Each structure stands twice: as C-alpha cells, then as structure tokens.
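Data block below; observations after.
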Amino acid sequence: MEHINKNRLFLASCLALITTAMTFAIRARLETVFGPEGIGLTLEQLGYAFAPAFFGFTIAMIIGGPLVDLLGIKKITWMAFITHAVGIVLTLMADTMTSLFIATLFVGIGNGFVEAALNPMVASMYSDEKTKMLNRFHVWFPGGIVIGALVGWLIMDVMGLSWKVMVASLFVPLALYGILFFGQKIPVTERVQLGISNKVMFSSVFKPLFLFMVLCMFLTAASELGTTQRIESLLKESVAAPLLVLAFINGIMALGRMFAGQVVHKLSPSGMLLYSAIFTFIGLWLLTITTGGMTFVAAAVFAIGVTFFWPTMLGFVAEHLPETGALGLSIMGGAGMFSVSVVLPIMGNLMDTASAGEALRTMSVLPAILIVAFIGLNIYVKKNKIVKS
425 MEHINKNRLF
435 LASCLALITT
445 AMTFAIRARL
455 ETVFGPEGIG
465 LTLEQLGYAF
475 APAFFGFTIA
485 MIIGGPLVDL
495 LGIKKITWMA
505 FITHAVGIVL
515 TLMADTMTSL
525 FIATLFVGIG
535 NGFVEAALNP
545 MVASMYSDEK
555 TKMLNRFHVW
565 FPGGIVIGAL
575 VGWLIMDVMG
585 LSWKVMVASL
595 FVPLALYGIL
605 FFGQKIPVTE
615 RVQLGISNKV
625 MFSSVFKPLF
635 LFMVLCMFLT
645 AASELGTTQR
655 IESLLKESVA
665 APLLVLAFIN
675 GIMALGRMFA
685 GQVVHKLSPS
695 GMLLYSAIFT
705 FIGLWLLTIT
715 TGGMTFVAAA
725 VFAIGVTFFW
735 PTMLGFVAEH
745 LPETGALGLS
755 IMGGAGMFSV
765 SVVLPIMGNL
775 MDTASAGEAL
785 RTMSVLPAIL
795 IVAFIGLNIY
805 VKKNKIVKS
C-alpha cells in the first residue's frame, strides 16, 4: 500500500486553512473599498454581500460532510481548490453588490469544502489526540488571518497599491496547498475505519448532546467571527488601524492553539469552553468602553476567550460523539458559519442606525448565554462521567 505522508498532508491542510483565513482578513479590509467611503454600499448592504462567505461555507459543509465518506477526502479537497480559485478571480472582477455577493459565495463554498474534508482527515490521522491536533490545525485560522491582515495593511496602507493586488495575494497559499496535495494518498475517515454504518451516523446527529453542541456552536462562532469580520467598522473610531487589532487578536489565538495540548491536559474540553465564554464576555464588554492603546488590552481579553472555541467544539464532538463522523463535524462547522451569516447584516444595521458600541453590547449577550450553557455542560459531563469514546 502506498505510504501516507502525514507530515505533508498536515502541512497541506494548514496551507488550505491559511487560504481560508486570509479571505476573512482581506474581506474585512474590503469593507472600506466597497463601503460608503469607496464604491458606496451601505454597511447593511455589505453585510448581505459578505453573508455568502458564511452560508456558502454552511452549504459546502452540509453537502461535503456526507460526501467525504462517499467520494473520499481527496475529491472534496480538489473541489475546495477549484471553488477557491473561481472565487478569487470573481472577487478581482467585482464592482457591484451582486458581483461581490457571487464572488463571496464561491469563496465561502471553497472555505466550507476545506473544513468538510480536512477536519475529518486530521481526526483520522491523529485518532489518539484529536482535540490537541484539531487545535494545532486550527492554529492556522487565526494565523492565516494575521498573515492576511498584515498583507492587506502592507499592500494598501503602507505601499499604497490597489486592493486587487491584495486579493491576488491569495493565489500564493492556494497554489502551495494544491502542489502539496497533488499525487498524495489520503486516508479514509475514522467512521469508515471503525465500520460505523450510515444509519448509525445519521441517527447519532439527533442525540440530545449533539443537538445541544450545535446550538452552542451558533453562539460561539457568532461571538468570534461576527466580531472579527466587522472589526474595520467596529473599531474605526477607537484606533487608527483596526486591521492591526485584528492581527493582534489572531496572533494571540494562534499562540494559544499551538499550546492547546497543555491546556487540554489541565482542563477538560467542557472546562475550556466555560472559561472561553467568560473571557469572551468580558472582552466584548471592555471593547465597548476602551479607546486607543487600551483597545489592545480589551482585544487581548477577547482573544483569550475565543481562542479555543471553534477547535474545542469540534474536538468535543470528535472525542465524545465519534459515531457522528464527518457529518457531525460538518454540521458543527456549518451551524457556526450560518450563524455568522445571520449576525453580519444585523450588526451592519446597528452600526448604520445606532453605533458600533451598540453592536458590541448586543454581541456580548451571546457569550453571556454560553456561560450558563457551559456551566450546565460541565455539570452534565461530571454527573454522567462521560469519557472519551
């Protein structure tokens, strides 16, 4: 049998996630290009134009989840590559709300296929340390946002080049992950390895614990990505360069995820989620009252909060509900991204009609709800003595 090169596949996966993450940072910078000060879209219209990045992601995750087992991880990965490439080209050509909407939809679908294929691949390759390795893989979501934010700042703000040069920079990680995946043998998903039937997989996603985690994913993802995706508009009155705050937040997140193994050792996944919710709530509240340099302090607290949300939610499901398979991970990721597509226009409306502070105060309600939910999850885990499957 042809050898599976785990290191090469993991590196390729990280570069695919960097491509995904850079689209988030670059899209945040495009707020001013396409917004009231640029092409002339309102912030609410931008919310609708950017929403497909999230519901397109959801569509790809929900479709891609079951197809990963049927078609294999490799085919879904190449679908990600193709839709990413089309989305980048269409973004370069966009000049209206409709054309931006369509371009963003392709990018979102590409992003969704990346997660649909590669979360189960990482879980399959490192079945004995899923939460640790999923956190390490997801280092490159904030890491990629840092790269994208710095690239955008250097190209547009320092060098004064066109926004199209910034968007075209996405072709670099895209080409690299395509080259690294090319010709490689890719493992089957863990569900296929374990011989779990489709019937068991589909019935497992209706378990109360899984449905509870899906509902929590709506709130964790919206708290993190709803805030960071609109950082340019939210903080433009507070600091001179909001994109640097975005890079700062995601730098902290990348470092935290890199050392997630030690945190998992000290805290259970459910404990990590509770502490994350507490810090996220405090961070969002502080962002409503700080300006200048203190904004970075508030941003640091917020970053500590959201660092472990996404990968630990996936890790909890992969460890405690492995029978849900790639479908379970895809539903989780899809639910998270769908919630952001709902939140973005609402935040845009609040910023158009009220203020950025009002939008941040509204967002702080989400982690407040999560604090209560995760206290309940910790009690449930201890009461039922849930152990890793």
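Each residue of the sequence shown is one higher than the one before, counting from 425 in my numbering. By construction, the Cβ of each residue, glycine as well, lies at the ideal position given by its N, Cα and C atoms. If you're wondering where the values come from, they're calculated on a predicted model, not measured in any experiment.
**OP:** Note the first and the last residue of the continuous alpha helix (DSSP H) segment covering T777.
**Re:** Taking the sequence shown and counting its residues from 1, one reaches residue 777 at position 353. Its alpha helix (DSSP H) spans residues 749-777.
Original post:
So is M775 buried or exposed if we call it buried at 16+ other beta carbons inside 10 Å?
Top reply: Residue numbering aside, residue 775 sits at position 351 when the sequence shown is read from its first letter. Buried, because 16 or more other Cβ atoms sit within 10 Å of the Cβ of M775.
**OP:** Counting only the same chain and skipping the five closest in sequence on each side, list residues whose C-beta sits under 6 Å from that of A701.
**Re:** To locate residue 701, count along the sequence shown from 1; it is residue 277. Once the five neighbours on either side are set aside, the close Cβ partners of A701 are P791, L794, I795, F798.
Original post:
So does L465 have its beta carbon nearer than 7 Å to some heavy atom of the ligand GDP?
Top reply: The ligand content of the structure shown is nil, which means the ligand GDP is not present either.
Original post:
For I500, which of M787, I486, I512 has the nearest alpha-carbon?
Top reply: Start at 1 with the first residue of the sequence shown, and residue 500 comes out as number 76. The shortest Cα separation from I500 among M787, I486, I512 belongs to I486.
Original post:
Can you tell me where the alpha helix (DSSP H) with W587 in it begins and where it stops?
Top reply: Sequence index remark: in the sequence shown, residue 587 carries index 163 (1-based). 587-592 is the span of the alpha helix (DSSP H), which, as asked, contains W587.
Subject >> Simplified DSSP assignment, three categories, for M549 >> reply: Taking the first residue of the sequence shown as 1, we reach residue 549 at position 125. Helix.
**OP:** Alpha carbon to alpha carbon, how far is A783 from S647? Give it in angstroms, no decimals.
**Re:** Taking the first residue of the sequence shown as 1, we reach residue 647 at position 223. Taking the first residue of the sequence shown as 1, we reach residue 783 at position 359. When rounded, the distance between both Cα atoms is 12 Å.
Subject >> Spatial neighbours of L649 in its chain, beta-carbon cut-off 6 Å, leaving aside the 5 residues before and after >> reply: If you number the sequence shown from 1, residue 649 lands on position 225. Cβ neighbours of L649 beyond the five flanking positions: V764.
Original post:
Taking all protein chains shown into account, do 16 or more other C-beta atoms lie within 10 angstroms of the C-beta of K554, making it buried, or fewer, making it exposed?
Top reply: The residue labelled residue 554 in the question sits at position 130 within the sequence shown. Buried.
Original post:
Which runs of the alpha helix (DSSP H) spanning at least 4 residues fall entirely within the stretch 580-632, listed in chain order?
Top reply: 587-592, 595-605, 614-618, 622-628
Original post:
Are the beta-carbon atoms belonging to I526 and L594 less than 8 Å from one another?
Top reply: Indexing the sequence shown from 1 puts residue 526 at position 102. Indexing the sequence shown from 1 puts residue 594 at position 170. No, they are not a contact pair.
Subject >> Euclidean distance between Cα positions of L668 and A573 >> reply: Position 244 of the sequence shown, counted from the first residue, corresponds to residue 668. Position 149 of the sequence shown, counted from the first residue, corresponds to residue 573. For L668 and A573, the distance between alpha carbons rounds to 7 Å.
Original post:
Could you give the residue range of the alpha helix (DSSP H) that holds I706?
Top reply: For the purposes of this step, residue 706 is taken as the residue at position 282 of the sequence shown. From DSSP, the alpha helix (DSSP H) with I706 extends over 693-711.
Subject >> Whole alpha helix (DSSP H) elements within the stretch 504-569, 4-residue minimum >> reply: 521-549, 554-561
Subject >> V687 to S694 span [Cα, whole Å] >> reply: Looking up residue 687 in the sequence shown gives position 263. Looking up residue 694 in the sequence shown gives position 270. Those two C-alpha atoms are separated by around 12 Å.
Subject >> the stretch 614-632 contacting the stretch 730-741, beta-carbon criterion three pairs below 8 Å >> reply: no
**OP:** May I have the straight-line CA-CA distance separating N429 from L604, to the nearest angstrom?
**Re:** The residue given as residue 429 occupies position 5 in the sequence shown. The residue given as residue 604 occupies position 180 in the sequence shown. Cα to Cα, N429 sits roughly 11 Å from L604.
**OP:** Quick one: using the 10 Å Cβ neighbour count with 16 as the cut-off for buried, is R432 buried or exposed?
**Re:** Your numbering for residue 432 matches position 8 in the sequence shown. Under this definition R432 is an exposed residue.
Original post:
Can you check whether the CB of V591 is closer than 8 Å to the CB of T714?
Top reply: Reading the sequence shown from its first residue, position 290 is the one you call residue 714. Reading the sequence shown from its first residue, position 167 is the one you call residue 591. Taking 8 Å as the Cβ cut-off, T714 and V591 do not qualify as a contacting pair.
Subject >> Coil, strand or helix - F672 by DSSP >> reply: Position 248 of the sequence shown, counted from the start, is the residue given in the question as residue 672. Here F672 sits in helix by DSSP.
Original post:
Buried or exposed: D581, going by 16 or more other Cβ atoms within 10 Å of its Cβ?
Top reply: Looking up residue 581 in the sequence shown gives position 157. The residue is exposed, with fewer than 16 neighbouring Cβ atoms inside 10 Å.
Subject >> Inter-residue spacing [alpha-carbon to alpha-carbon] between A645 and M756 >> reply: Residue numbering aside, residue 645 sits at position 221 when the sequence shown is read from its first letter. Residue numbering aside, residue 756 sits at position 332 when the sequence shown is read from its first letter. Taking the straight line from one Cα to the other gives about 10 Å.
Subject >> Integer Cβ distance of G729 from F703, believed to fall under 8 Å >> reply: Position 305 of the sequence shown holds residue 729. Position 279 of the sequence shown holds residue 703. With a Cβ gap of about 3 Å, G729 and F703 count as contacting.
Original post:
Roughly how many whole angstroms lie between the Cα atoms of F642 and A759?
Top reply: For the purposes of this step, residue 642 is taken as the residue at position 218 of the sequence shown. For the purposes of this step, residue 759 is taken as the residue at position 335 of the sequence shown. Rounded to the nearest angstrom, the two C-alpha atoms are 6 Å apart.
Original post:
Taking the continuous alpha helix (DSSP H) assigned at G781, which residues delimit it?
Top reply: For the purposes of this step, residue 781 is identified with residue 357 of the sequence shown, where counting begins at 1. Per DSSP, G781 belongs to the alpha helix (DSSP H) from 780-787.
Original post:
Are the beta-carbon atoms of V629 and T748 separated by less than 8 Å?
Top reply: Sequence index remark: in the sequence shown, residue 629 carries index 205 (1-based). Sequence index remark: in the sequence shown, residue 748 carries index 324 (1-based). It is a contact, given that the beta carbons lie within the stated cut-off.
**OP:** Output the distance between the C-alpha atoms of A504 and F458, rounded to the nearest integer angstrom.
**Re:** Here residue 504 refers to the residue found at position 80 when the sequence shown is read from its first residue. Here residue 458 refers to the residue found at position 34 when the sequence shown is read from its first residue. Roughly 26 Å separates the two Cα atoms.
**OP:** Quick one: measure Cβ to Cβ for L558 and A742, integer angstroms, because I've assumed they're closer than 8 Å.
**Re:** On the sequence shown, position 134 is the one that residue 558 refers to. On the sequence shown, position 318 is the one that residue 742 refers to. Confirmed, about 7 Å.
**OP:** My understanding is that T482 touches G536, with C-beta atoms under 8 Å, so please give their C-beta distance in whole angstroms.
**Re:** Reading the sequence shown from its first residue, position 58 is the one you call residue 482. Reading the sequence shown from its first residue, position 112 is the one you call residue 536. Sure, about 7 Å apart at Cβ, within 8 Å.
Original post:
If we ignore side chains and look at the alpha-carbon of each, how far apart do L467 and P490 end up?
Top reply: Here residue 467 refers to the residue found at position 43 when the sequence shown is read from its first residue. Here residue 490 refers to the residue found at position 66 when the sequence shown is read from its first residue. If I take the Cα positions, the gap works out to 36 Å.
**OP:** Starting from the C-beta of G772, find all residues in its chain whose C-beta is less than 7 Å away, skip the five residues before and the five after it, and write them out in chain order.
**Re:** Along the sequence shown, read from residue 1 onward, the residue named residue 772 stands at position 348. Cβ neighbours of G772 beyond the five flanking positions: L467, E468, L470, G471.
**OP:** Tell me whether the beta-carbon of F726 lies closer than 8 Å to the beta-carbon of L711.
**Re:** Taking the first residue of the sequence shown as position 1, residue 726 is located at position 302. Taking the first residue of the sequence shown as position 1, residue 711 is located at position 287. Cβ atoms of F726 and L711: closer than 8 Å.
Original post:
I think A724 touches I676, with their Cβ atoms under 8 Å apart; what is that distance to the nearest whole Å?
Top reply: Within the sequence shown, the letter at position 300 stands for residue 724. Within the sequence shown, the letter at position 252 stands for residue 676. Confirmed, about 6 Å.
Original post:
Given a threshold of 16 other Cβ atoms within 10 Å of its Cβ, counted over all protein chains shown, does V789 qualify as buried or as exposed?
Top reply: Here residue 789 refers to the residue found at position 365 when the sequence shown is read from its first residue. Looking at its Cβ environment, which holds fewer than 16 other Cβ atoms inside 10 Å, V789 is exposed.
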